[in-house]
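According to our numbering, the sequence shown holds residues 340 to 941 in order.
A virtual CB, placed ideally from N, CA and C, is assigned to each residue, including glycine.
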Amino acid sequence: MKKFILICFLTCSYFLLHAQDNVDEALAYQYYQQAEYEKAAVLLEKLFNTTKNDTYFELYFTSLIKIKKYTEAESFLKKLIKQYPTKTQYTVALGRVYQENGRIVDANKLFQDAINNTPKDEYKFRELANSFYRFEAYDMAIVAFLQGRKLFGDEQMFVYELLSIYRFKKDKKMLIEEYLNALPITPQLLPQAENVLSSVFEDNTDYQLLQAALLKKIQKDPQTEIYTELLTWQYIQQQDYEMALRQLIAQDKRTKGDGTLLFNTADTFTANKAFSTAIKAYEYILTKGPENELYVQAKIELIDAKYELAVAGKFDKQAIQLLATEYEDVLTKYGKIPQTLFALKKLAYLQAYYLNDLKKAEATLEEALKIQGISNADVGQVKIDLGDIYILTKQPWEAILVYEQVAKQFENQPIGNEARYRSARLNFYVGDFDYAKSQADVLKASTTQLIANDALNLSLLLSDNLQSKNDSLALKMYADAEMLQFMNLSDQALRKLDSIDITYPNNSLIDDILMAKAKIYIKTSELNKAVTVLKELITTQNNSIWIDDALFTLADILEKKLNNPDEAKKLYQQLMNDYPGSMFNAEARKRFRNIRGDNVGT
Numbered sequence: 340m341k342k343f344i345l346i347c348f349l350t351c352s353y354f355l356l357h358a359q360d361n362v363d364e365a366l367a368y369q370y371y372q373q374a375e376y377e378k379a380a381v382l383l384e385k386l387f388n389t390t391k392n393d394t395y396f397e398l399y400f401t402s403l404i405k406i407k408k409y410t411e412a413e414s415f416l417k418k419l420i421k422q423y424p425t426k427t428q429y430t431v432a433l434g435r436v437y438q439e440n441g442r443i444v445d446a447n448k449l450f451q452d453a454i455n456n457t458p459k460d461e462y463k464f465r466e467l468a469n470s471f472y473r474f475e476a477y478d479m480a481i482v483a484f485l486q487g488r489k490l491f492g493d494e495q496m497f498v499y500e501l502l503s504i505y506r507f508k509k510d511k512k513m514l515i516e517e518y519l520n521a522l523p524i525t526p527q528l529l530p531q532a533e534n535v536l537s538s539v540f541e542d543n544t545d546y547q548l549l550q551a552a553l554l555k556k557i558q559k560d561p562q563t564e565i566y567t568e569l570l571t572w573q574y575i576q577q578q579d580y581e582m583a584l585r586q587l588i589a590q591d592k593r594t595k596g597d598g599t600l601l602f603n604t605a606d607t608f609t610a611n612k613a614f615s616t617a618i619k620a621y622e623y624i625l626t627k628g629p630e631n632e633l634y635v636q637a638k639i640e641l642i643d644a645k646y647e648l649a650v651a652g653k654f655d656k657q658a659i660q661l662l663a664t665e666y667e668d669v670l671t672k673y674g675k676i677p678q679t680l681f682a683l684k685k686l687a688y689l690q691a692y693y694l695n696d697l698k699k700a701e702a703t704l705e706e707a708l709k710i711q712g713i714s715n716a717d718v719g720q721v722k723i724d725l726g727d728i729y730i731l732t733k734q735p736w737e738a739i740l741v742y743e744q745v746a747k748q749f750e751n752q753p754i755g756n757e758a759r760y761r762s763a764r765l766n767f768y769v770g771d772f773d774y775a776k777s778q779a780d781v782l783k784a785s786t787t788q789l790i791a792n793d794a795l796n797l798s799l800l801l802s803d804n805l806q807s808k809n810d811s812l813a814l815k816m817y818a819d820a821e822m823l824q825f826m827n828l829s830d831q832a833l834r835k836l837d838s839i840d841i842t843y844p845n846n847s848l849i850d851d852i853l854m855a856k857a858k859i860y861i862k863t864s865e866l867n868k869a870v871t872v873l874k875e876l877i878t879t880q881n882n883s884i885w886i887d888d889a890l891f892t893l894a895d896i897l898e899k900k901l902n903n904p905d906e907a908k909k910l911y912q913q914l915m916n917d918y919p920g921s922m923f924n925a926e927a928r929k930r931f932r933n934i935r936g937d938n939v940g941t
C-alpha cells in the first residue's frame, strides 16, 4: 500500500512539474516576443537548467545579450563549456559575448582556437560553421569551411554552404570565385549561378568583375566550355551580343566544336531582336559544310533571321526580294511539304506587304492549302492569312467569309477567336461600327488574353467615339488610317492620322491617334519619335484606355532598346501601382524585379 501511495505521489509530482514547465514556457515565449527580455531571461534560465534544451539556451543567451548582461552570460557559458567541452555552440556563443562587450581580440582568438582544434571530421566542421552562422559570425563560418576544405585537400567541399553565405553577405567577388571554382566539376550549377549573380549584381561594374575573372579562367583553361557559356551569358546580360558571338566563335574554333552551343545561343540573339548577330552566327555554322548535322536547320534559321531583320523597321525592297528568292530556293530544293509550310507562309507575307504582288501572295497561300498532311490548325492559320490578302485585294466579303469559316470550325479555340477578331477589325475598317462593336463585345470574354484585350480596346474605342457626328466622322478617318497601316503603308497612315484633328477639330480621338502613331514609329524603328509620342500620351491623357499599354510599351523601349533601365523601372512601378488589373501587370512585375536585382529565376 505504501509503495502504491509513493508511486501516485511521484506520478502526480511529475505531471504538476510538467504542467508548470508548460506554463513557464508559454509565458517565457510571450515575454520574449514582446521584447520583455528581463522577465523572459528569468524563466528561460529555469527552463534550460531543468531540460538542457538548446532552444531554451539560445533564447536565454539572446535575452542576456539584449539586456547587456555580459558578465552573467560569460559566467554561464564558461560553466557550460567546462561541462560540455565538445559542444561548439557554447564556445561560439562566448565569443559573441566578447564581441558585444567590445573584446574583439578575445573573441577572434576564441573563434580561431575553436577552428584550429576541430578534428579532421567533416561533420564537426559543418557543426562548428553552423554555430558561427546561427550566432551571426558569418566571416568565421567562412573561415571554418575554408579550413575544413584545406584540411581535407578538397576544393569542392562545402561549396553549397559557402555559396549560400557569400550570397547572403552579397560578397560579389567571393561569390564569383566560388561559382568559378565549382562549375567545371558541377556544370549543372550554371542556371543557378546565372540567377544568383543577376540577383546580386547592381550595375555594369559587377558584370565587368565577372568578365575579368572569366577571361583569366579561359586563358588558363581554354577547354572548359562552361566558362565560355557563363561569359556569353554575361555579354548577353549587358546586351553586348557581338562580343558574345565573338567569344562563341573563338571557343568553337579552339575546341573544334560542331557549333551546337553557337546554334542554341543564336536563338537567344533572335529572341532579343539582335537579328544581325543571329545572322552572323548561322552563317558561321554554314561554313562547316553540308555534312554538319546542324547545316539544314541553320540554313532555315538564317533565312528566318533575315526575314525578321527585313520586316523590322524601314525596309529595303531589294533585300526583301533577295529574301523572297531564298524562300523560293527552299521550296524548290525540298518541295511543298508540311516541313516547308513556314517558307510558303513567309514568302506570301513578303509578296503581299513588301513586294506589292498580291496575286502571287494569294496564289502562294492557295498552294499552301493543297499540301497533304498539314494539321487542321495550320489550315486554319493559312486561311486567316488568306483572308488578310483578300482585304488588300479589296475583296472584304471574301475575307469575312474566310474568317467566319475558321471561327466556326474552331469555335471557342484561340485560332477561332483570332479569326473572329479579324472579322470585327475588318468591319471596323469598312465603317460598319455597330457590327464591329457587337463582335468585339463577344470576344471580350475570350480565354485568350491578348485577343480579349484587343477586343476590349476595340469595343471601348467605338463606344467612346460615337457620341457625336464630329467624333463619328473623325473615327471613320481613324479607321482609314488603321487600314493603311494594316497595308504596311506607314507614311500614308501617319499623314491620315495627322489630318484628323485638322479636318475634325476637338474630336475625342487624341489618345487613340497618339497610340497609333507610337505603334507606327516602333514598327519603323523611329524609337525617339515613339518615346516622345508615348510620353505625351501618358502626361496629357490620364483617363485614356491606352495608358497601361503606353506605360509598358515605353518602359520596354527604354529597357530593351535605349539602355535606360532606371527610367523603365519607374514606369513598370507606376503601371503596377496605378493599373493592378492590367494584362501587362505580371510581366511588368517580373521586369521590375529583374531590374531591381531580386529576380532569382522567376
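When the Cα atoms are used, L708 and D655 turn out to be separated by approximately 30 Å. Following the DSSP letters along the chain, one finds A691 inside the alpha helix (DSSP H) bounded by residues 680-692. Judged by beta-carbon spacing, A379 lies beyond the 7 Å limit of L403, meaning their Cβ atoms are not closer than that value. Boundaries of the alpha helix (DSSP H) harbouring A832: 829-842, taken from the DSSP string.
The DSSP-derived three-state label of P904 is helix.
As the crow flies, the alpha-carbon of L873 is around 8 Å from that of T892.
By the criterion of at least three beta-carbon pairs nearer than 8 Å, the region 821-832 is in contact with the region 850-865.
Rounded to whole angstroms, the gap between the alpha carbons of I877 and N924 is 17 Å.
Residue state for L366 is assigned as helix, using DSSP reduced to three classes. Taking 7 Å as the cut-off, the Cβ atoms of I443 and T430 do not count as close.
Under the criterion of beta carbons closer than 8 Å, A649 and I659 qualify as touching, at roughly 5 Å. Note on N882: under 16 other CB atoms within 10 angstroms of its CB, so exposed under the neighbour-count rule. Close CB contacts of V769 within its chain, under the 7 Å cut and outside five residues either way in sequence, are with P735 (chain order).
One Cα belongs to N456, the other to N933, and the distance between them is close to 44 Å.
Secondary structure at F767: helix, using DSSP grouped into helix, strand and coil. Counting only residues of its own chain and dropping the five nearest sequence neighbours on each side, L662 has a CB closer than 8 Å to the CB of I642, K645, Y646, A649, L689. Assignment of I896 by DSSP, reduced to helix, strand and coil, places it in the helix class. When secondary structure is reduced to three states using DSSP, E533 falls in the helix class. Contact check for L797 against F772 fails: the beta carbons are separated by 7 Å or more. For N543 and L789, the gap between their C-alpha atoms comes out near 35 Å. Linking E705 to K722 through their CA atoms gives a straight-line distance of about 9 Å. CA-to-CA, the gap between L828 and E737 works out to about 22 Å. DSSP places K612 in the coil class of the three-state scheme, outside both helix and strand.
Going by beta carbons, L584 and T616 fall inside the 7 Å limit. Secondary structure at W885: coil, using DSSP grouped into helix, strand and coil.
Inter-residue distance for L519 and L553 is about 8 Å (C-alpha atoms, whole angstroms).
In the pairwise beta carbon analysis, the region 408-419 is classified as not touching the region 447-455: fewer than three pairs are separated by under 8 Å. Straight through space, the alpha carbons of K612 and M816 are spaced by roughly 33 Å.
Taking C-beta separations shorter than 8 Å and ignoring five residues to either side along the sequence, the partners of K900 in its chain run L866, following chain order. Using a Cβ distance threshold of 7 Å, N440 and Y399 do not count as a contacting pair.
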